[in-house]
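Each residue of the sequence shown is one higher than the one before, starting from 151 at the first, in the numbering used here.
We put the beta carbon where it would ideally sit given N, CA and C, even for glycine.
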Amino acid sequence: MKYVFSLLVLILVLFATACSIHGLNVGVPVAAGEPPLPQIITVPPNATATPTPFQPSLPTPTYLPPEPPTQEPALQETAVATEVVAEAPDENTEADSSPEVQPGVEKTWADYPGPVVWPDIVIPPPVGILPRPEGQVNILLLGSDQRPNDPGFRTDTILLLTLNPKLGVASLTSFPRDLYVYIPGWTVQRINTAQVHGGFEATALTFEYNFGVRPDYYVLVNMRSFVNLIDALNGVDVNVAVPLTDHRDGYGKFSVPAGVVHMDGETALWYVRSRYTTSDFDRGRRQIEVLKACFDKLISLDALNRARELYQIYSQGVVTNMTFDQMAVFLPLAAQLRDSSRLRRYAIGPSQVTNWINSNGAYVLLPQREAVLSVMRQALNIP
Numbered sequence: 151m152k153y154v155f156s157l158l159v160l161i162l163v164l165f166a167t168a169c170s171i172h173g174l175n176v177g178v179p180v181a182a183g184e185p186p187l188p189q190i191i192t193v194p195p196n197a198t199a200t201p202t203p204f205q206p207s208l209p210t211p212t213y214l215p216p217e218p219p220t221q222e223p224a225l226q227e228t229a230v231a232t233e234v235v236a237e238a239p240d241e242n243t244e245a246d247s248s249p250e251v252q253p254g255v256e257k258t259w260a261d262y263p264g265p266v267v268w269p270d271i272v273i274p275p276p277v278g279i280l281p282r283p284e285g286q287v288n289i290l291l292l293g294s295d296q297r298p299n300d301p302g303f304r305t306d307t308i309l310l311l312t313l314n315p316k317l318g319v320a321s322l323t324s325f326p327r328d329l330y331v332y333i334p335g336w337t338v339q340r341i342n343t344a345q346v347h348g349g350f351e352a353t354a355l356t357f358e359y360n361f362g363v364r365p366d367y368y369v370l371v372n373m374r375s376f377v378n379l380i381d382a383l384n385g386v387d388v389n390v391a392v393p394l395t396d397h398r399d400g401y402g403k404f405s406v407p408a409g410v411v412h413m414d415g416e417t418a419l420w421y422v423r424s425r426y427t428t429s430d431f432d433r434g435r436r437q438i439e440v441l442k443a444c445f446d447k448l449i450s451l452d453a454l455n456r457a458r459e460l461y462q463i464y465s466q467g468v469v470t471n472m473t474f475d476q477m478a479v480f481l482p483l484a485a486q487l488r489d490s491s492r493l494r495r496y497a498i499g500p501s502q503v504t505n506w507i508n509s510n511g512a513y514v515l516l517p518q519r520e521a522v523l524s525v526m527r528q529a530l531n532i533p
C-alpha cells in the first residue's frame, strides 16, 4: 500500500466544502463528513461483537428480510431527510450532458463466499449491483482506532464519497458503525469489523452484497494521523453549536462551551469521539464541526493549488490504494464543488434501520433493505 497523507488533505477539502452547505443540520442528525475519527477500542483480529451491558434485555426476534423486489420503487416512495442541496442545478445544463448509465446486475448466493461462522440471524440475499453512471468513482473513507504495534482495530468512521466528474457533482454517504450486515466469507457482524477481518476486499464485498455498490478505492486513517493533521495546521477554530461535558483522560470531567473554540489535535480528537454523555448522532454533528474547521484552515493555506506540495510534505499516515495522479484527476471537480448546489450529503440513519440486541447482548442496527436502497440510489445518481 502507498502511504499518502496528502490525500487526506485533498479529501478534507472535498468533504468540508460539502459540509459547509448552509442549513446542513436539517431532518435526522447524521454521522458524516468527518475526517477519520477513531474510537479507543482495541480488539483482536477476529473482532467479535462487544456486549452492551447498558441495553435492556429484549426478546431476540428472527429477522426475515424481504425478498429482492422485482421492480425498483420510485425514489420518492421512501423519504430521505438527510439530503441537503442548497440550490437547484443550473437549468441551462444541456440534457445530453448526463452520462450513460451502466445497467445493474442481479446477484445470487452463488456469487459470494458462504459464512464460516454461522450467524445468529437469517442472512438476507444479496441486493445485486445497482446501475452506475459512466465515469463515476466511489471512494470508501475509513477511520480506524488502530494503535501502534496492535493489529486489532475497527473502522468506526465509514463514509462513501461518490464523485461524478461529468455531472460535476459529489455525494457523501455515511454508514453507522453498528450496522449488522453479512460480511461475505465470514458471518453477519458489525460493518466496522469487515476491514480488520479481510482487508479492503472484505469491506468492498460487504458493500456490494448489502448496498449494491463496490467501492473503487479506499482511504484508511488512524487516530494518530488525525491528531498530527490538526497539529500540523497549528490547531483549528471549531464553531461549537452545543456545549459538551464528558470524561477526558488526564482531565476528569472536561467541558467545551458553545461558540468558537480553538482546539489542538488531542482536544479535537476527544471532541469528535466523545459519546458517553451524548450519542453517535450527536457525535456526527461534532465531527462535521471539526471537519469544517479543518476546511477553513486548509483554504487559508490555498490547499487546492498546493496539492502536490502538500503531497510531498505529508508522506505518511494514510493507507490507500489511490495514487496521487489518480486523486489529482478530481481536482477540477473539487474546484466545482465550491458551488454548494453540486454537493449532496446522505446517511443511513434511524429511518433506515431497526434496533436489535444480538445473541451476545450487543446493540446493533439491522438495515431496512428498501429504505437503505432508496438512499443509495439517490446518493449514486441513479435516475
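Would you mind giving the Cβ-Cβ distance between L516 and T504, rounded to the nearest angstrom? I have them listed as a contact below 8 Å. Position 366 of the sequence shown, counted from the first residue, corresponds to residue 516. Position 354 of the sequence shown, counted from the first residue, corresponds to residue 504. Taking the Cβ atoms as the reference, L516 lies roughly 5 Å from T504, within the contact range of under 8 Å.
Beta-carbon within less than 6 Å of V319's beta-carbon, same chain only, minus the 5 sequence neighbours each way: which residues are those? Against the sequence shown, residue 319 aligns to sequence position 169. In its chain, beyond the 5 residues on either side, R492 have a beta carbon closer than 6 Å to the beta carbon of V319.
Taking the continuous beta strand (DSSP E) assigned at L381, which residues delimit it? As a first step, residue 381 is located in the sequence shown; it is residue number 231 there, counting from the start. Residue identity check: residue 381 is Asp in the sequence provided, not Leu. In the DSSP assignment, D381 falls outside any beta strand (DSSP E) and lies within the alpha helix (DSSP H) extending over 373-382.
Where N384 falls, given that 16 or more other Cβ within 10 Å makes a residue buried: Along the sequence shown, read from residue 1 onward, the residue named residue 384 stands at position 234. Exposed is the call here.
Determine, for A391, whether the minimum Cβ-Cβ distance to residues of chain D falls below 8 Å. The chain inventory of the structure shown lacks chain D, comprising one protein chain alone.
Just curious, the alpha helix (DSSP H) that D579 is in, first and last residue? As shown, the chain starts at 151 and ends at 533. That puts residue 579 outside it, with no answer to give.
Among E416, V251, N531, which residue has its Cα nearest to the Cα of V377? For the purposes of this step, residue 377 is taken as residue 227 along the sequence shown, with counting starting at 1. Comparing Cα positions, the closest option is E416.
If you measure between the beta carbons of Y262 and P365, is that distance less than 8 Å? Taking the sequence shown and counting its residues from 1, one reaches residue 262 at position 112. Taking the sequence shown and counting its residues from 1, one reaches residue 365 at position 215. No Cβ-Cβ contact shorter than 8 Å links Y262 with P365.
Could you pull out every residue in the same chain whose Cβ sits closer than 6 Å to the Cβ of E227, ignoring the five residues on either side in sequence? The sequence position of residue 227 within the sequence shown is 77, counting from 1. At E227 the pLDDT is 35, less than 50, meaning the model places this residue with poor confidence; the figure from the coordinates comes in the next sentence. Around E227: no qualifying Cβ.
Determine, using beta carbons only, whether L394 and V406 come nearer to each other than 8 Å. As a working mapping, residue 394 is identified with position 244 in the sequence shown. As a working mapping, residue 406 is identified with position 256 in the sequence shown. The answer is yes: Cβ separation under 8 Å.
Chain-order list of residues whose beta-carbon lies under 7 Å from that of F425 (same chain, five-residue window excluded): Indexing the sequence shown from 1 puts residue 425 at position 275. The identity of residue 425 in the sequence shown is Arg, whereas the question assumes Phe. Counting only Cβ-Cβ distances below 7 Å, and skipping sequence neighbours, we find R433.
Would Q252 and P276 qualify as a contact pair, given that the criterion is a beta-carbon distance under 8 Å? Indexing the sequence shown from 1 puts residue 252 at position 102. Indexing the sequence shown from 1 puts residue 276 at position 126. No, they are not a contact pair.
Specify the secondary structure class of S405 as computed by DSSP and reduced to three states. Walking along the sequence shown from the start, residue 405 turns up at place 255. DSSP, reduced to helix, strand and coil, places S405 within a strand of the structure shown.
Should A497 be labelled buried (16 or more other beta-carbon atoms within 10 Å of its own) or exposed? Within the sequence shown, residue 497 is the residue found at index 347, counting from 1. A497 should be labelled buried.
Let's test the definition: count the other Cβ atoms within 10 Å of the Cβ of G409 and tell me whether it reaches 16, buried, or not, exposed. Within the sequence shown, the letter at position 259 stands for residue 409. The residue in question, G409, is exposed, as its Cβ has fewer than 16 Cβ neighbours within 10 Å.
Buried versus exposed, by CB contacts within 10 Å (16 or more), L448: For this step, residue 448 is matched to residue 298 along the sequence shown. Classification for L448: buried.
Does the distance from the C-beta atom of V309 to that of L317 stay below 8 Å? As a position in the sequence shown, residue 309 is number 159, starting the count at 1. As a position in the sequence shown, residue 317 is number 167, starting the count at 1. The sequence given here has Leu at residue 309, not Val. No, the Cβ-Cβ distance between L309 and L317 is not below 8 Å.
Beta-carbon within less than 8 Å of W268's beta-carbon, same chain only, minus the 5 sequence neighbours each way: which residues are those? Here residue 268 is taken as the residue at index 118 of the sequence shown, counted from 1. Contacts found: T337.
8 Å Cβ shell around L531 - same chain, five flanking residues per side excluded: Sequence index remark: in the sequence shown, residue 531 carries index 381 (1-based). For the record, residue 531 in the displayed sequence is Asn; it is not Leu. The answer, listed in chain order, is P283, Q286, T312, N314, L317, V319, S321.
So the candidates are Q528, E439, V371; which of them puts its Cα closest to the Cα of V411? Taking the first residue of the sequence shown as position 1, residue 411 is located at position 261. Nearest Cα to V411 within the set Q528, E439, V371: E439.
Enumerate in chain order the residues of its own chain whose CB-to-CB distance from E256 is below 7 Å, with the five nearest sequence positions on each side excluded. Stepping through the sequence shown from its first residue, residue 256 is reached at position 106. Only residues of its own chain outside the window of five on either side were considered, and among them G278 have a CB closer than 7 Å to the CB of E256, listed in chain order.
Where DSSP assigns a beta bridge to A320, which residues make up the other side? Counting from one through the sequence shown, the residue named residue 320 turns up at place 170. L313, L493, per the DSSP bridge assignment.
Taking the alpha carbon of V419 as the point to measure from, which residue in R398, S429, L291 has its own alpha carbon closest? Within the sequence shown, the letter at position 269 stands for residue 419. For clarity, residue 419 is Leu in the given sequence; the question names Val instead. Checking every option, the nearest Cα to that of L419 belongs to R398.
Quick one: what's got a C-beta closer than 7 Å to V331's C-beta in the same chain, skipping five residues either side? The count along the sequence shown starts at 1 and reaches residue 331 at position 181. If we look at V331 and ignore the five residues flanking it on each side, its Cβ neighbours are V338, I341, T356, N360, P517.
Reference R519, options I273, F474, A512, G511, closest by Cα: Here residue 519 corresponds to residue number 369 of the sequence shown, with the count starting at 1. Nearest C-alpha to R519: I273.
Leaving out five residues on either side along the sequence, give the residues of the same chain with a beta carbon under 8 Å from the beta carbon of T212. Position 62 of the sequence shown holds residue 212. For T212, the predicted model reports a pLDDT of 38, less than 50, meaning its position is unreliable; a value from the coordinates is still stated below. Excluding residues within five positions, the ones whose Cβ falls inside 8 Å are I271, V272.
Can you tell me whether N389 is buried or exposed? The criterion is at least 16 other CB atoms within 10 Å of its CB, across all chains shown. Here residue 389 corresponds to residue number 239 of the sequence shown, with the count starting at 1. Label assigned to N389: exposed.
Cβ-based burial, P326 [other Cβ within 10 Å; buried from 16]: Here residue 326 refers to the residue found at position 176 when the sequence shown is read from its first residue. By the neighbour-count rule (16 or more Cβ atoms within 10 Å), P326 is buried.
Measuring CA to CA, which of L451, Y367, Q502, V468 is closest to M373? Working through the sequence shown from its first residue, we reach residue 373 at position 223. Among L451, Y367, Q502, V468, the Cα nearest to that of M373 belongs to V468.
When burial is assigned at 16 or more other CB atoms within 10 Å of the CB, is A224 buried or exposed? One-based indexing of the sequence shown puts residue 224 at position 74. Here A224 scores only 36 on pLDDT, less than 50, and its place in the model is too uncertain to base an answer on.
Which residues in the same chain have their Cβ closer than 6 Å to the Cβ of I289, if we skip the five residues on either side of it in sequence? Looking up residue 289 in the sequence shown gives position 139. The answer, listed in chain order, is L311, Y367.
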